[in-house]
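Visitor: If you read the protein sequences in the order shown, they are chains A and B.
So for the first sequence, our numbering puts the first residue at 1; every next one is plus one.
So for the second sequence, our numbering puts the first residue at 1; every next one is plus one.
C-beta atoms are modelled at their ideal positions from N, C-alpha and C, and glycine is treated no differently.
Dumping the structure here so I can ask a few things about it.
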Amino acid sequence: MFDLKDLYQEVIVDHNRSPRNFGKMDNADRVAEGFNPICGDRLNLYLKLDNNRIADVSFDGSGCAISTASASLMTDELKGKSIVEAETMFNDFHRMLTDDKPHDMKQIEQLGKLAVLLGVKHYPTRVKCATLCWHTLHSAIEGKKTPVSTE
Amino acid sequence: MNRKNIAPEIPATKLIFDVDAIRADFPILRQNIHGKQLVYLDNAATAQKPERVIKTLDNYYREYNANIHRGIHTLSQKATEAYEKARVKVQHFINASSAKEIIFVRGTTEGINLVAQSYGRTRLKTGDEIIISEMEHHSNIVPWQLLCEQTGAVLRVIPMNDDGELIMEEFEKLLGKKTRIVSVGHISNALGTINPIKKIIKVAHSCNAIVLIDGAQSVPHTAIDVQTLDCDFYAFSGHKLFGPTGIGVLYGKQSLLENMPPYHGGGDMIKMVTFKKTLYNDLPYKFEAGTPHISGVIGLGEAIDYVNDIGFDTIAAYENELIDYAIREASAIAGLKLIGTARDKASILSFVMDNIHPHDIGTVLDHEGIAIRTGHHCAMPVMEHFHVPATARASFAFYNKREEVDLLMTALEKCKEVFK
Ligand SMILES: Cc1ncc(COP(=O)(O)O)c(C=O)c1O
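In structure tokens:
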């Protein structure tokens, strides 16, 4: 049986309680809005770019522990990464949560701190909570005007 | 707390209500979730089905599955008879004056859409007004918005106060010569508020508006008498009344239904078809195009028999005691805020907790075997009113017990532990 502690790990609870990089960025180059209509989670993502690198990133909004912690962890990991690296990370992260196949531990290690969200995999209804920030990031990078929705 | 709309004057101790015996009627309740006994508190979303209803469906498919109103063979006759018998059960259940006033639809949603399109679209014009309320389910908002787009009618909304009660003075101010339709919920699925529908109907009629009542949440908890209420339409869903999904009822006054055009065209709803002219069938068949959900109707009839056998006096008294207990216990939890504190309230406990998102409450509770609903409950304007993105909602049926309320409270304390 899967233990609740594997989902709500200490790191996740901590990032939910005091999210990193939380707040509006006034001089952002890109802003995108994400929305999960099922649970009402809303998230704004702010990006500052330096050539093809993420110079700074922050978020605000309201959401559940999984969605807040995921956004907090994501923004921590992304700073200084290139856009290509960020998109690769999104793909790996998405695969970690949705792939039926056993995990490739090497790939998961590459995800760094994001690996604590592995437990979400066992809660299909919560996967969207963890990926909302990534979809929103993707939309910010693409410069999309309409808010992204998980549905 | 006053429960005048629902609670009869029966002291709880006098009730002959054996909740364990009732629970034994519901096979689904006998299972473990994550290793814990299932505690099903999502009855406002859909109720569980008693053995009798399950057997009735099984029996229909095993013994007399056939199309209705069409065959002269024995099985078809049997199926038709059972189908029409269920219609009469529904008629008596809500005390309609005739079985012709009972239209089988897919659910509350389809019932409301039928009225909006068949009644509304042919009668409303630019500037006419439709009144709904701030606490409606989306299914009692969107059909009217569509109708407004089609006809140029205008949607007006009765506001509610911070207890989640309709502000009746505001309703009376909204009513006027232009009001054509008033459509309100009997019991709010997001808040549990029991609305004063009798008064709403009376006042609306004094302005010559017709009234539709969304009874999705009320039929499982309280006896309905459409003649005493004098509502023009009343819609409800079978699945919240311990019956199958995909079946529901629209009650309409015969005088209104007779003058409304069909909603869907097809088989069964006609008397004669030529390419020049088609003669529509009589009520209620005019509104039942195509092969209906026959097993659903028969199953709903059985569910109604089941509920009647327990009796609404007993059900209401038991449930009121249970919700009062749940409200008392929940109010004692630090950091928990009830959303919806109306004086007249049915079996719904909607709440939020400090620093814990409802979604996370839902997952922690699921681990304890407790099923609740989290989210906006298809009532986003209600969430907006209370400035919350979502709530957690425990909703009770007569098979729930005090012990389950206790388990819920223990699990909520556990949520605080997880997120402290
Ligand atoms: C108050 C209310 N109205 C309407 C509906 C819609 O019912 P259905 O989905 O069965 O058509 C519901 C169901 O959630 C409800 O609670």
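For Asn189 of chain B, verify whether its CB is less than 6 Å away from any heavy atom of ligand 1.
Guide: Walking along the second sequence from the start, residue 189 of chain B turns up at place 189. Checking the Cβ of Asn189 of chain B against ligand 1 gives yes.
Visitor: Under 6 Å from any heavy atom of ligand 1, does the C-beta of His137 of chain B make it?
Guide: Counting from 1 along the second sequence, the entry for residue 137 of chain B is found at position 137. Answer for His137 of chain B: yes, Cβ within range of ligand 1.
Visitor: Just to confirm the assignment: which complete beta strand (DSSP E) runs, minimum length 3, are found wholly within the stretch 284 to 315 of chain B?
Guide: For the stretch 284 to 315 of chain B, not a single whole beta strand (DSSP E) run of length 3 or above is found.
Visitor: Thinking C-alpha only, which one of B:Cys231, B:Lys177, B:Asp214 is nearest Cys207 of chain B?
Guide: By one-based count along the second sequence, residue 207 of chain B stands at place 207. For the residues B:Cys231, B:Lys177, B:Asp214, the minimum Cα distance to Cys207 of chain B belongs to B:Lys177.
Visitor: Less than 7 Å between CB atoms is the rule here; does Val418 of chain B satisfy it with respect to chain D?
Guide: In the structure shown, chain D does not exist; the protein chains are A and B.
Visitor: What does the alpha-carbon distance come out to for the pair Ala392 of chain B and Phe93 of chain A?
Guide: Stepping through the second sequence from its first residue, residue 392 of chain B is reached at position 392. Stepping through the first sequence from its first residue, residue 93 of chain A is reached at position 93. Just so you know, the alpha carbons of Ala392 of chain B and Phe93 of chain A end up roughly 29 Å apart.
Visitor: Would you mind working out which of A:Val148, A:Leu78, A:Arg42, A:Gly40 sits nearest Arg53 of chain A, comparing C-alpha positions?
Guide: Working through the first sequence from its first residue, we reach residue 53 of chain A at position 53. With distances taken between Cα atoms, Arg53 of chain A lies closest to A:Leu78.
Visitor: For Ile224 of chain B, collect the residues of the same chain with a Cβ closer than 6 Å to its Cβ; drop the 5 residues on either side in sequence, then sort them by chain order.
Guide: Counting from one through the second sequence, the residue named residue 224 of chain B turns up at place 224. Counting only Cβ-Cβ distances below 6 Å, and skipping sequence neighbours, we find Ile94.
Visitor: In whole angstroms, what separates the C-alpha of Ile356 of chain B from that of Gly335 of chain B?
Guide: Position 356 of the second sequence, counted from the first residue, corresponds to residue 356 of chain B. Position 335 of the second sequence, counted from the first residue, corresponds to residue 335 of chain B. Looking at the two C-alpha atoms, the distance is approximately 10 Å.
Visitor: Just mark Ser65 of chain A as buried or exposed, buried being the case when its beta carbon has 16 or more other beta carbons within 10 Å.
Guide: For the purposes of this step, residue 65 of chain A is taken as residue 65 along the first sequence, with counting starting at 1. It should be noted that the sequence gives Ala, not Ser, for residue 65 of chain A. It counts as buried.
Visitor: Can at least three beta-carbon pairs, one atom from the stretch 179 to 192 of chain B and one from the stretch 370 to 390 of chain B, be found at a separation below 8 Å?
Guide: yes
Visitor: Starting from Tyr8 of chain A, find everything on chain B with Cβ-Cβ shorter than 9 Å and list it in chain order.
Guide: Mapped onto the first sequence, residue 8 of chain A falls at position 8. What Tyr8 of chain A touches in chain B: Asp360, Thr363, Val364, Val418, Phe419.
Visitor: So that I know if they touch, is there some Cβ in chain A lying closer than 7 Å to that of Ala190 of chain B?
Guide: The residue you call residue 190 of chain B lines up with position 190 of the second sequence. It does not: the Cβ of Ala190 of chain B has no partner Cβ on chain A nearer than 7 Å.
Visitor: Determine the direct distance from the alpha carbon of Gly119 of chain A to that of Lys113 of chain A, and round the result to whole angstroms.
Guide: By 1-based counting over the first sequence, the position of residue 113 of chain A is 113. By 1-based counting over the first sequence, the position of residue 119 of chain A is 119. Near 13 Å, if we compare the C-alpha coordinates of Gly119 of chain A and Lys113 of chain A.
Visitor: When you compare each of A:Asn21, A:Ile141, A:Gly63 to Pro389 of chain B by their alpha carbons, which one comes out closest?
Guide: Translated into the one-based positions of the second sequence, residue 389 of chain B becomes position 389. Of A:Asn21, A:Ile141, A:Gly63, the residue nearest in Cα terms is A:Gly63.
Visitor: What are the complete beta strand (DSSP E) segments, minimum 3 residues, inside the stretch 140 to 183 of chain B?
Guide: 154 to 158
Visitor: Using a threshold of 6 Å, is the CB atom of Gly164 of chain B nearer than that to any non-hydrogen atom of ligand 1?
Guide: Reading the second sequence from its first residue, position 164 is the one you call residue 164 of chain B. No, the Cβ of Gly164 of chain B stays beyond 6 Å of every heavy atom of ligand 1.
Visitor: Is Asp343 of chain B buried or exposed, if buried means 16 or more other CB atoms sit within 10 Å of its CB?
Guide: Taking the first residue of the second sequence as 1, we reach residue 343 of chain B at position 343. First, the amino acid is wrong: residue 343 of chain B is Arg here, not Asp. By the neighbour-count rule (16 or more Cβ atoms within 10 Å), Arg343 of chain B is not buried but exposed.
Visitor: Which chain B residues are close to Asp41 of chain A, counting only those with a beta carbon under 9 Å from its beta carbon?
Guide: The residue you call residue 41 of chain A lines up with position 41 of the first sequence. Correct list: His357, His359, Pro389, Ala390.
Visitor: When burial is assigned at 16 or more other CB atoms within 10 Å of the CB, is Asn5 of chain B buried or exposed?
Guide: Within the second sequence, residue 5 of chain B is the residue found at index 5, counting from 1. Because the pLDDT of Asn5 of chain B is 47, which lies under 50, any placement of that residue in the model is unreliable, and the question is left without a value.
Visitor: State yes or no: is the beta carbon of Gly375 of chain B nearer than 7 Å to at least one beta carbon in chain A?
Guide: For the purposes of this step, residue 375 of chain B is taken as the residue at position 375 of the second sequence. Closer than 7 Å: yes.
Visitor: Any beta carbon from chain A within less than 7 Å of Ala12 of chain B's own beta carbon?
Guide: On the second sequence, position 12 is the one that residue 12 of chain B refers to. With a pLDDT of 48 at Ala12 of chain B, under the threshold of 50, the predicted position of this residue should be treated as unreliable, though the coordinate-derived value follows. It does not; no Cβ of chain A falls within 7 Å.
Visitor: Is any non-hydrogen atom of ligand 1 found closer than 6 Å to the C-beta of Ser133 of chain B, if you look at the structure I gave you?
Guide: Your numbering for residue 133 of chain B matches position 133 in the second sequence. No, since every heavy atom of ligand 1 falls outside the 6 Å radius drawn around the Cβ of Ser133 of chain B.
Visitor: Quick check on Asp128 of chain B: buried or exposed, where buried means 16 or more other Cβ atoms within 10 Å of its Cβ?
Guide: In the second sequence, counting from the first residue as 1, residue 128 of chain B sits at position 128. Classification for Asp128 of chain B: buried.
Visitor: Measure the alpha-carbon distance for Leu137 of chain A versus Val11 of chain A and round it to whole angstroms.
Guide: Here the question's residue 137 of chain A lines up with position 137 in the first sequence. Here the question's residue 11 of chain A lines up with position 11 in the first sequence. Each residue's alpha carbon lies about 22 Å from the other.
Visitor: Measuring only from the beta carbon, is Thr136 of chain A closer than 6 Å to any heavy atom that is part of ligand 1?
Guide: Here residue 136 of chain A is taken as the residue at index 136 of the first sequence, counted from 1. Answer for Thr136 of chain A: no, Cβ out of range of ligand 1.
Visitor: Out of B:Glu403, B:His387, B:Cys378, B:Ala397, point me to the one whose CA is closest to Pro37 of chain A's CA.
Guide: Here residue 37 of chain A refers to the residue found at position 37 of the first sequence. Of the listed residues, the one whose Cα sits closest to Pro37 of chain A is B:Cys378.
Visitor: Is the shortest distance between the beta-carbon of His367 of chain B and the beta-carbons of chain A less than 7 Å?
Guide: As a working note, residue 367 of chain B is residue 367 in the second sequence. For His367 of chain B, the answer is yes, since a Cβ of chain A falls inside 7 Å of its Cβ.
Visitor: Relative to the C-alpha of Arg402 of chain B, which candidate in B:Ser350, B:Ile327, B:Tyr64, B:Val352 has its C-alpha closest?
Guide: Numbered from its first residue, the second sequence carries residue 402 of chain B at position 402. Among B:Ser350, B:Ile327, B:Tyr64, B:Val352, the Cα nearest to that of Arg402 of chain B is on B:Ile327.
Visitor: In chain order, what residues of the same chain lie with their CB nearer than 7 Å to the CB of Tyr40 of chain B, ignoring the 5 residues before and after it?
Guide: The residue labelled residue 40 of chain B in the question sits at position 40 within the second sequence. Same-chain partners within the cutoff: Leu29, Gln48, Ala371.
Visitor: In terms of residue numbering, what span does the alpha helix (DSSP H) encompassing Tyr60 of chain B cover?
Guide: Indexing the second sequence from 1 puts residue 60 of chain B at position 60. Here Tyr60 of chain B belongs to no alpha helix (DSSP H), and DSSP marks it neither H nor E.
Visitor: For a test of the three-state rule: what should DSSP assign to Phe242 of chain B, helix, strand or coil?
Guide: Looking up residue 242 of chain B in the second sequence gives position 242. Coil, per DSSP.
Visitor: Could you list the residues in the stretch 65 to 95 of chain A with a C-beta less than 9 Å from some C-beta on chain B, going in chain order?
Guide: Ala65, Ile66, Ser67, Thr68
Visitor: Less than 7 Å between CB atoms is the rule here; does Ser62 of chain A satisfy it with respect to chain B?
Guide: Numbered from 1 along the first sequence, position 62 holds the residue referred to as residue 62 of chain A. Yes - at least one Cβ of chain B is within 7 Å of the one on Ser62 of chain A.
Visitor: Please work out which residues of its chain come closer than 6 Å, Cβ to Cβ, to Val219 of chain B, disregarding the five sequence neighbours upstream and downstream, and give them in chain order.
Guide: On the second sequence, residue 219 of chain B is found 219 positions in, with the first residue counted as 1. The residues are Phe236, Leu241.
Visitor: Does the pairing of the stretch 250 to 267 of chain B with the stretch 282 to 289 of chain B give three or more beta-carbon distances under 8 Å?
Guide: yes
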